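Undergrad: In full-length UniProt numbering, the protein residues as written are 1 to 244.
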Amino acid sequence: MFFEIKEVNYLLEAMVRISNINLQQTSEDFKLNVLQVLSECCHYEHAIFWEVIDDELTNQPVCFNVEAYTVENYLNVYKFYDPLHPMNMQNQPDIQLMQQNEVISRKNKRYYIESFLQYHDFIDEMVMYLTIQHKPSAAIGFLRKKGEKPFTEQDRQKLLVVKRLIENSYLLHQYVQPAQSLQITQREKELLRYLCKGFKNAEIASILYVSENTVKKHLQNLYRKFQVTSRTQLVLKYADNFRI
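(1) Which residue's Cα is closest to the Cα of Phe2: Asn221, Gln157, Leu236 and Asp55?
(2) State yes or no: is the beta carbon of Thr185 nearer than 9 angstroms to at least one beta carbon in chain C?
(3) From which residue to which residue does the alpha helix (DSSP H) around Ser19 run?
(4) Report all residues from its chain with a CB closer than 8 angstroms to the CB of Lys163; omit the five preceding and five following residues, and keep chain order.
(5) May I ask you to list the residues that DSSP assigns as paired with Ala138?
(6) Is the separation between the beta-carbon of Val34 and that of Ser169 shorter than 9 angstroms?
(7) Do Gln220 and Ile53 have their beta-carbon atoms positioned less than 9 angstroms apart in this structure?
(8) Assuming Thr229 and Glu13 are in contact, meaning their beta carbons sit under 8 angstroms apart, how far apart are those beta carbons, in whole angstroms?
(9) Counting Cβ pairs, one atom from each stretch, are 3 or more of them under 8 angstroms apart for the region 5 to 12 and the region 98 to 105?
(10) My output table needs one value for Glu203: the three-state DSSP class, helix, strand or coil.
(11) Spatial neighbours of Asp155 within its chain, please: CB distance less than 7 angstroms, with the 5 preceding and 5 following residues excluded, ordered by chain position.
(12) Tell me whether His173 is buried or exposed, calling it buried when 16 or more other Cβ atoms sit within 10 Å of its Cβ.
(13) Could you pull the start and end residues of the beta strand (DSSP E) that Gln96 belongs to?
(14) Inspect the beta-carbon positions of Leu38 and Ile140 and report whether they are closer than 9 angstroms.
(15) Checking the sheet assignment: what are the DSSP bridge partners for Lys149?
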């Protein structure tokens, strides 16, 4: 697919601006800057930057021209009807147009469109997953309002141009950020020791005499404290902060 000269120039500008994003800023500001670049250079005016942990979206995304109550409604009721939710995206391309996705039934997709998207005055959505070590660590969802044109294959191609650059910037930003709120509990320290030894969740649960769900909850707390989204990042950042 070929882009017009104007689109090429916009994409080049997006790449330069993403490359120059300040990695020392807060996580929220970093995500907001990425969304602003995609708005100004690619004309994506409504977007949400999610973190993804264990194929689940976190509850505090960064929104660009999307109301908080829309996100709350999505999380409380409609997320699993979303054909582009992480649970429905396994073995699917990282960039997906909703209209091209056939993972869930047409009935559920229609319900999602009519009951959620159209209720909030949207007509279409698209998603780009940011992957680290072949696992989704974040997702940027794009929405189109009534009166705007639906997403097309050209939109997918535009995101393909900038995807790797955004992934690399996101990973670097997470790594250079100082770990926040490092008031680690004794239980979390124990869990971290076993993580560093390569133990799996079930093995850690057995050793600590807790459920696997409890281990997962501790992990999510540690991801938040260290501002990471994967076990590998957590171990590396823990080692870097505490020189183990």
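Glycine included, every Cβ here is placed at the ideal spot set by N, Cα and C. The model shown is predicted, which means the values in this text are computed figures rather than measured ones.
TA: Here's the rundown:
(1) Gln157
(2) Looking at the structure shown, chain C is missing, and only one protein chain is on hand.
(3) Ile5 to Ser19
(4) Asp94, Ile95, Met128 and Leu130
(5) Bridge partners of Ala138: Glu51 and Leu130.
(6) yes
(7) yes
(8) The Cβ separation is near 28 angstroms, so there is no contact.
(9) no
(10) helix
(11) Met126
(12) buried
(13) Counting along the chain, the beta strand (DSSP E) containing Gln96 begins and ends at Ile95 to Leu97.
(14) yes
(15) In DSSP, Lys149 forms no bridge with anything.
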